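Notes follow the structure.
2 protein chains.
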Amino acid sequence: MTPTVTAFERSPDGGKGLARDMRVRWALEEVGQPYEVRLLSFKAMKEPAHLALHPFGQIPTYEEGDLALFESGAIVFHIAERHAGLLPDDANARARAITWMFAALTTMEPPIVEREMAMILERDEAWYEQRLRGLEESVRKRLGELSARLGDAGWLDGGFSAGNLLMVSVLLRLKGSGLLEEYPSLAAYVARGEARPAYTRAFAAQRAVFTAASAG
Amino acid sequence: MTPTVTAFERSPDGGKGLARDMRVRWALEEVGQPYEVRLLSFKAMKEPAHLALHPFGQIPTYEEGDLALFESGAIVFHIAERHAGLLPDDANARARAITWMFAALTTMEPPIVEREMAMILERDEAWYEQRLRGLEESVRKRLGELSARLGDAGWLDGGFSAGNLLMVSVLLRLKGSGLLEEYPSLAAYVARGEARPAYTRAFAAQRAVFTAASAG
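Just so you know, the protein sequences line up as chains A and B, in that order. So the first sequence is numbered by our numbering: it starts at 5 and just counts up by one. So the second sequence is numbered by our numbering: it starts at 5 and just counts up by one.
Okay, structure coming up:
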């Protein structure tokens, strides 16, 4: 059964692939599962029909027969559990890959998003420069720790996995900020993710949505 | 094999059960799995021996034979996968319970922690009152959405699950703030979690560590 994923009708990132449907598209491409996309306006995201699928009124959601899921992490995990390629077979290696999924979303992403939000919402406040410096230090601390763990390996904990997919997706938010670039091994890690054919296909698909919306 | 969990030698919350080892203790108590605890000073958490277990230098970790995990969400999931009682048998219900695990940690917890951190770190800044009001609104938005989804059900999506365990753990951080109390159904939901015998046992165990450290 072909799953349906929701995405922004017009992504606020301008088609840079930073919206969270990208993670789900990428995972589906990695395992070779075709999917359909249903686009939503910001207005539609807050209406009852979508809130029934996603209590927090966000994208992405995932519908497959009578199953409906939200939360990009849970959706990527669902895909990884049901197809080969995103979680190791060995039980301990699998548990560690899942650990990196949680680490990406609960340890790395919050300070990165907090910095982004301050850059959008607090730019005109008197405290902005001071706050921004503090937020950048929080992000650097995590990048330094992650870089130390990655060492000179290609991927965290062995081969490519759902954990690496989510970690690369989170770090991509920092691309061009200068912060990621302070850690060359992490910048190279992100570039390895972007170079995967499945990533390229997923990126092109989300980009096409934005291009069509801009032309329309 | 008895697993070993790490916890703070002296929890910064004063034994209120808000440190993240509590979630793991609670999950282990729910499934009836005995465990050992290794206590760590703040200094030890940043030393190489612990960083080898936890790249971000935090607690809890989970060791079981040659498996070592970090991230409370991943550890709770590992426990839930290997024992009955925390995830439904039905595949779709199981996927939804996992969705609530991610929702607790990636949608609900970040604004709650951001508010807590501002209350600790920014209390003396000129911008504090203005920032705090904005942070409280972010928390209220999520509480309102969660409350709407919970409705008059006892638990999110059926029976008690690892998703509810993590959601209650996250909401407990707000207890006494006044914010949780603005949503009586969520306050009652948290109280239902606290009333579970497994929660009570886990709470007493972490409390005893703090009491002993304070007496020592």
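Glycine included, C-beta positions come from ideal geometry on N, C-alpha and C. Since we're looking at a predicted model, the values are computed, not measured.
Problem - Three-state secondary structure assigned by DSSP to B:Leu-71 - result: One-based indexing of the second sequence puts residue 71 of chain B at position 67. Three-state result, B:Leu-71: strand.
Practice task
Using DSSP bridges, identify the partner residues of B:Tyr-66.
Solution key: Locating residue 66 of chain B in the second sequence gives position 62, counting from the first residue. According to DSSP, which records beta bridges pairwise, B:Tyr-66 is partnered with B:Val-9, B:Leu-73.
Practice task
Within the same chain, show all residues whose beta-carbon is closer than 7 Å to that of A:Val-28, passing over the 5 residues directly before and after it, in chain order.
Solution key: Looking up residue 28 of chain A in the first sequence gives position 24. The answer, listed in chain order, is Val-9, Pro-64, Tyr-66, Ser-76, Ile-79, Val-80.
Exercise for the section: Whole angstroms is fine: what's the gap from B:Met-5's alpha carbon to B:Gly-182's? Expected result: Along the second sequence, one-based indexing puts residue 5 of chain B at 1. Along the second sequence, one-based indexing puts residue 182 of chain B at 178. B:Met-5 and B:Gly-182: Cα-Cα distance of roughly 43 Å.
Problem - Residue interval of the beta strand (DSSP E) (run including B:Arg-42) - result: Position 38 of the second sequence, counted from the first residue, corresponds to residue 42 of chain B. Going by DSSP, B:Arg-42 is part of the beta strand (DSSP E) stretching over 40–44.
Handout entry: Coarse secondary structure for B:Ala-166, derived from DSSP in three states
Key = Locating residue 166 of chain B in the second sequence gives position 162, counting from the first residue. In this structure, B:Ala-166 counts as helix in the three-state DSSP scheme.
Problem - Closer than 8 Å to chain A by CB, B:Leu-183 - result: Counted from its first residue, the second sequence places residue 183 of chain B at position 179. Not closer than 8 Å to any Cβ of chain A, the Cβ of B:Leu-183 fails to qualify, so no.
Exercise for the section: Starting from the C-beta of B:Ala-226, find all residues in its chain whose C-beta is less than 7 Å away, skip the five residues before and the five after it, and write them out in chain order. Expected result: As displayed, chain B neither begins before 5 nor continues past 220, which places residue 226 of chain B out of reach and without an answer.
Problem - Straight-line Cα distance separating B:Leu-190 from B:Leu-176 - result: Taking the first residue of the second sequence as 1, we reach residue 176 of chain B at position 172. Taking the first residue of the second sequence as 1, we reach residue 190 of chain B at position 186. Computed Cα separation, rounded: 10 Å.
Practice task
Could you pull out every residue in the same chain whose Cβ sits closer than 8 Å to the Cβ of A:Ala-206, ignoring the five residues on either side in sequence?
Solution key: Sequence index remark: in the first sequence, residue 206 of chain A carries index 202 (1-based). Same-chain partners within the cutoff: Gly-21, Met-26, Arg-29, Trp-30, Leu-32, Glu-33.
Practice task
Check whether the Cβ atoms of B:Arg-100 and A:Leu-73 lie closer than 8 Å to each other.
Solution key: For the purposes of this step, residue 100 of chain B is taken as the residue at position 96 of the second sequence. For the purposes of this step, residue 73 of chain A is taken as the residue at position 69 of the first sequence. It is a contact, given that the beta carbons lie within the stated cut-off.
Practice task
Find the nearest neighbour of A:Gly-197 within the set A:Tyr-187, A:Val-174, A:Glu-185, judged by alpha-carbon distance.
Solution key: Translated into the one-based positions of the first sequence, residue 197 of chain A becomes position 193. Answer by Cα proximity: A:Val-174.
Exercise for the section: Could you check the C-alpha separation between B:Leu-147 and A:Glu-118 for me, to the nearest Å? Expected result: If you number the second sequence from 1, residue 147 of chain B lands on position 143. If you number the first sequence from 1, residue 118 of chain A lands on position 114. Taken atom to atom, the span from the alpha-carbon of B:Leu-147 to that of A:Glu-118 is near 19 Å.
Practice task
Check the C-beta distance from B:Asp-161 over to B:Gly-167 and give it rounded, since I have them as a contact under 8 Å.
Solution key: Translated into the one-based positions of the second sequence, residue 161 of chain B becomes position 157. Translated into the one-based positions of the second sequence, residue 167 of chain B becomes position 163. With 8 Å as the limit, B:Asp-161 and B:Gly-167 qualify as a contact, their Cβ atoms being about 7 Å apart.
Practice task
Would you verify that the beta carbon of A:Trp-159 is, or is not, closer than 8 Å to some beta carbon of chain B?
Solution key: Residue mapping note: residue 159 of chain A aligns to position 155 of the first sequence, counting from 1. Cβ-Cβ to chain B under 8 Å: no for A:Trp-159.
Problem - Residue interval of the alpha helix (DSSP H) (run including B:Pro-114) - result: For the purposes of this step, residue 114 of chain B is taken as residue 110 along the second sequence, with counting starting at 1. Run containing B:Pro-114: 113–125, per the alpha helix (DSSP H) assignment.
Handout entry: Residue-chain proximity (A:Asp-93, chain B), Cβ-Cβ < 8 Å
Key = Here residue 93 of chain A refers to the residue found at position 89 of the first sequence. Among the CB atoms of chain B, none fall inside 8 Å of the CB of A:Asp-93.
Practice task
Anything in the segment 76–88 of chain A with a Cβ closer than 7 Å to a Cβ of chain B? List those residues in chain order, please.
Solution key: Taking a C-beta cut-off of 7 Å against chain B, the contacting residues of the segment 76–88 of chain A are Gly-77, Ala-78, Phe-81, His-82, listed in chain order.
Problem - CB contact flag (B:Leu-44, B:Glu-85, <8 Å) - result: Position 40 of the second sequence holds residue 44 of chain B. Position 81 of the second sequence holds residue 85 of chain B. Taking 8 Å as the Cβ cut-off, B:Leu-44 and B:Glu-85 do not qualify as a contacting pair.
Handout entry: chain A residues whose Cβ lies nearer than 7 Å to that of B:Glu-129
Key = Numbered from its first residue, the second sequence carries residue 129 of chain B at position 125. By Cβ distance, chain A contributes Trp-131.
Handout entry: chain A within 8 Å of B:Asp-70, Cβ atoms only
Key = Here the question's residue 70 of chain B lines up with position 66 in the second sequence. B:Asp-70 counts as touching chain A.
Handout entry: Nearest-angstrom Cα separation, counted from B:Pro-114 out to B:Val-194
Key = Here residue 194 of chain B refers to the residue found at position 190 when the second sequence is read from its first residue. Here residue 114 of chain B refers to the residue found at position 110 when the second sequence is read from its first residue. In this structure, the CA atom of B:Val-194 is about 18 Å from the CA atom of B:Pro-114.
Exercise for the section: With a 10 Å radius around its C-beta and 16 neighbouring C-beta atoms as the bar for buried, classify B:Glu-68 as buried or exposed. Expected result: Along the second sequence, one-based indexing puts residue 68 of chain B at 64. Burial is judged here by how many other beta carbons sit within 10 angstroms of a residue's own beta carbon; B:Glu-68 has at least 16 and is buried.
Practice task
Would you tell me roughly how many angstroms separate the C-alpha atoms of A:Thr-204 and A:Pro-92, rounded to the nearest one?
Solution key: Within the first sequence, numbered from 1, the residue matching residue 204 of chain A stands at position 200. Within the first sequence, numbered from 1, the residue matching residue 92 of chain A stands at position 88. If you take the alpha carbons of A:Thr-204 and A:Pro-92, they lie about 23 Å apart.
Problem - Buried/exposed call for B:Met-121, threshold 16 Cβ in 10 Å - result: To locate residue 121 of chain B, count along the second sequence from 1; it is residue 117. By the 10 Å Cβ count, B:Met-121 comes out exposed.
Practice task
Look at the Cβ atom of A:Leu-178, then the Cβ atom of A:Ile-116, and state whether they are nearer than 8 Å.
Solution key: Position 174 of the first sequence holds residue 178 of chain A. Position 112 of the first sequence holds residue 116 of chain A. Result yes, Cβ atoms of A:Leu-178 and A:Ile-116 sit closer than 8 Å.
Handout entry: Among A:Ala-219, A:Phe-46, A:Met-171, the one whose alpha carbon lies nearest that of A:Leu-109
Key = Residue mapping note: residue 109 of chain A aligns to position 105 of the first sequence, counting from 1. Of the candidates A:Ala-219, A:Phe-46, A:Met-171, the one whose C-alpha sits nearest the C-alpha of A:Leu-109 is A:Met-171.
Practice task
For B:Asn-96, go through chain A and note every residue whose CB falls closer than 8 Å to its CB, in chain order.
Solution key: The sequence position of residue 96 of chain B within the second sequence is 92, counting from 1. For B:Asn-96, the chain A residues whose C-beta falls within less than 8 Å of its own C-beta are Asp-70, Leu-71, listed in chain order.
Problem - Contact with chain B by A:Ala-99, beta-carbon distance below 8 Å - result: Within the first sequence, the letter at position 95 stands for residue 99 of chain A. With respect to chain B, the C-beta atom of A:Ala-99 has a partner C-beta closer than 8 Å.
Exercise for the section: Compute the beta-carbon to beta-carbon distance between A:Arg-211 and A:Gly-19, rounded to the nearest angstrom, for a pair I have assumed lies under 8 Å. Expected result: As a first step, residue 211 of chain A must be located in the first sequence, where it is residue number 207. As a first step, residue 19 of chain A must be located in the first sequence, where it is residue number 15. Rounded, the Cβ-Cβ distance is 5 Å, consistent with contact.
Exercise for the section: Measuring only between beta-carbons, confirm whether B:Ala-11 sits less than 8 Å from chain A. Expected result: As a first step, residue 11 of chain B must be located in the second sequence, where it is residue number 7. Output row for B:Ala-11: interface = no.
Handout entry: For B:Leu-169, the nearest candidate out of B:Leu-90, B:Leu-184, B:Pro-38 (CA to CA)
Key = Position 165 of the second sequence, counted from the first residue, corresponds to residue 169 of chain B. Comparing Cα positions, the closest option is B:Leu-90.
Handout entry: Against chain B: residues of the segment 144–156 of chain A by CB proximity under 8 Å
Key = Residues are counted here when their Cβ sits less than 8 Å from a Cβ of chain B; for the segment 144–156 of chain A these are Arg-146, Glu-149, Leu-150, Ala-152, Arg-153, given in chain order.
Handout entry: Interface partners of A:Phe-74 on chain B, CB under 8 Å
Key = Taking the first residue of the first sequence as position 1, residue 74 of chain A is located at position 70. Residues of chain B passing the Cβ test: Thr-103, Ala-107.
Exercise for the section: Have a look at B:Gly-180 and B:Tyr-187 and give me their C-alpha separation to the nearest angstrom. Expected result: Position 176 of the second sequence, counted from the first residue, corresponds to residue 180 of chain B. Position 183 of the second sequence, counted from the first residue, corresponds to residue 187 of chain B. Distance from the CA of B:Gly-180 to the CA of B:Tyr-187, rounded to the nearest whole angstrom, comes to 12 Å.
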